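The block underneath contains the structure these notes are about, expressed in structure tokens.
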Amino acid sequence: MRRVIYAFLLIFISFLLQTTVFRALNFGGISPNLMIIVTAAIGFMRNEKSGLLVGFFSGLLIDIFYGDIIGFYALVFMLTGYLNGIFSRIFYPQDMKLPLSLIALSDLTYGGLCYIFLYLLNGKFIFGYFVMHVMIPEMVYTVLISILFYPLILMLYHHLDELDRRANNVV
0 MRRVIYAFLL
10 IFISFLLQTT
20 VFRALNFGGI
30 SPNLMIIVTA
40 AIGFMRNEKS
50 GLLVGFFSGL
60 LIDIFYGDII
70 GFYALVFMLT
80 GYLNGIFSRI
90 FYPQDMKLPL
100 SLIALSDLTY
110 GGLCYIFLYL
120 LNGKFIFGYF
130 VMHVMIPEMV
140 YTVLISILFY
150 PLILMLYHHL
160 DELDRRANNV
170 V
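Residue numbers for the sequence shown follow numbering that gives the first Met the number 0, beginning at 0 and rising by one.
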């Protein structure tokens, strides 16, 4: 139960930071996607199911406040969380290369899916522009922020693991 509460708090705090602080700290209209960082991190730190659930609630929060269609971002983030959860079997906390690579790939996938469903299907064929001016800058900014943000999530989950171990030893 404790993990669920912490996950919801993490989603909510990340959403607030993404929509307030990092909107003010944008570069050329590009801001980092903290929700991708949280969804991907929890997915590969825990498992597919955790990634799927965190992705659903992260995406739903974005859908409610910013989406034109309820469920689009929830579906995209669910896919992101699930696919990152597959990598939980090869996750090593001391290795930063895999998490940063997966966060970068997740952000590019997110951008690609947004392009396909929000632009391409509406007849806007601006793929080159979208990649160079939106997807790649957002991915770089997201990875740079995840260098700072990911270790905090990792410390939180190590703390939760330690609390679980203590609770199991007491009984």
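Beta carbons are placed, not taken as given, at the ideal position from N, Cα and C, and that holds for glycine. For clarity, every value in this text was computed on a predicted model and none was experimentally measured.
Assigned with DSSP and collapsed to three states, I61 falls in helix. Within the same chain, G84 come within 8 Å of K48 by CB-CB distance, once the 5 residues on both sides are set aside.
Under the 10 Å beta carbon count, G58 is surrounded by 16 or more other beta carbons and is classified as buried.
Beta bridge pairing from DSSP links I29 with F26. For D106, the enclosing alpha helix (DSSP H) stretches over residues 96-113. Remark: fewer than three beta-carbon pairs, one from each stretch, lie closer than 8 Å, so the segment 120-128 and the segment 60-69 are not flagged as touching.
Assigned with DSSP and collapsed to three states, D67 falls in coil, not helix or strand. Take the alpha-carbon of F116 and the one of L153: they are about 33 Å apart. In this structure, P136 lies away from F21, with their beta-carbon atoms at least 9 Å apart.
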